[in-house]
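For reference, the structure is listed below as structure tokens.
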Amino acid sequence: MERSFDIPNKLYFRIGEVSDIVGVKPYVLRYWETEFPDIRPSKSKSGQRLYKRRDVEMLLMVKELLYDKRFTIDGAKQRLRESPRDTHVIPGREASGGQPQQMLHRPPAQDDQAEDFIRSSRRQNEQLSIPMTSQTTVHVAPTTTETKKVLQKLRVDLEIMLRELQN
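Using the numbering used here, count along the sequence shown one by one with no gaps and you end on 427.
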């Protein structure tokens with residue numbers, strides 16, 4: 261029986277929520293973090309893990325490879341390295357016609373918005389004399405008014421910290 265994974269539309273997930281979504285114990289998630297370098301949750305001020313949606317999707321893929329397809333850890337690592345990032349399949353998700361639905365890190369409609377953000381960031385970084393390489397990647401999450409406000413505040417805070425560090 262296939263299980264459908266509905267990941268709530270949130271910026272961050274605590275380890276208990278991720279454990280429920282993925283269907284494994286928290287200690288398993290912590291172990292997978294040590295084995296799979298792409299899974300890197302940030303930590304809150306209190307030290308609690310905060311997973312992004314991308315981390316949850318990656319954990320679902322790891323679980324599918326290890327539990328359903330019976331890969332070893334090394335085999336799962338190799339499979340994840342070999343497959344292009346934008347073609348990872350979210351386990352249990354089927355598009356119409358029974359075809360697996362592809363996981364996209366950034367919807368195509370946001371490409372222009374992301375490019376504008378990158379250009380403005382580069383201009384600001386040049387003004388602050390901070391180099392930004394061509395390898396720098398910016399992932400843009402779906403925007404909501406609340407998210408925009410949080411990101412604007414974060415941006416201001418980061419700019420203040422950068423100025424203080426330069427002085």
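Beta carbons are placed, not taken as given, at the ideal position from N, Cα and C, and that holds for glycine.
Three-state secondary structure assigned by DSSP to residue i
i	result
R290	helix
K303	strand
L271	coil
R330	coil
K285	coil
D266	coil
S343	coil
Closest residue to residue i among the options (Cα-Cα distance)
i	options	result
Y311	R341, G335, M421, R300	R300
D202	L320, Y291, S304	Absent from the model: residue 202. The displayed extent of the chain is 261 to 427, so no value can be given.
G307	L411, K413, R274	R274
E295	L326, V278, L418, N269	L326
V284	M421, E324, R314	E324
R313	D328, V410, D266	D266
D431	Y291, S302, V282	Missing from the structure shown is residue 431; the chain here goes from 261 to 427 and no further.
Cβ neighbours of residue i in the same chain (closer than 6 Å, five flanking residues each side left out)
i	result
D298	M318
E293	I299
Beta-carbon proximity check, residue i vs residue j, cutoff 8 Å
i	j	result
V316	A336	no
T407	L289	no
R341	F331	no
G276	P286	yes
Neighbourhood of residue i by C-beta, 8 Å cutoff - its chain only, sequence neighbours within 5 removed
i	result
S304	L310
A369	Low per-residue confidence applies at A369: pLDDT is 43, beneath 50, and the placement is therefore not dependable enough to give any value.
G357	Because G357 sits at a pLDDT of 44, beneath the cut-off of 50, its placement in the model cannot be relied upon, and the following sentence gives the value as read from the coordinates. Nothing listed; no residue qualifies.
Neighbourhood of residue i by C-beta, 7 Å cutoff - its chain only, sequence neighbours within 5 removed
i	result
V278	L289, Y311, V316, L319
The ligand ZN heavy atom lying under 7 Å from the CB of residue i
i	result
L310	With respect to the ligand ZN, the structure offers nothing, as it holds no ligand at all.
Beta-ladder partner(s) of residue i, from DSSP
i	result
L319	L319 is not bridged to any residue.
L310	R274, S302
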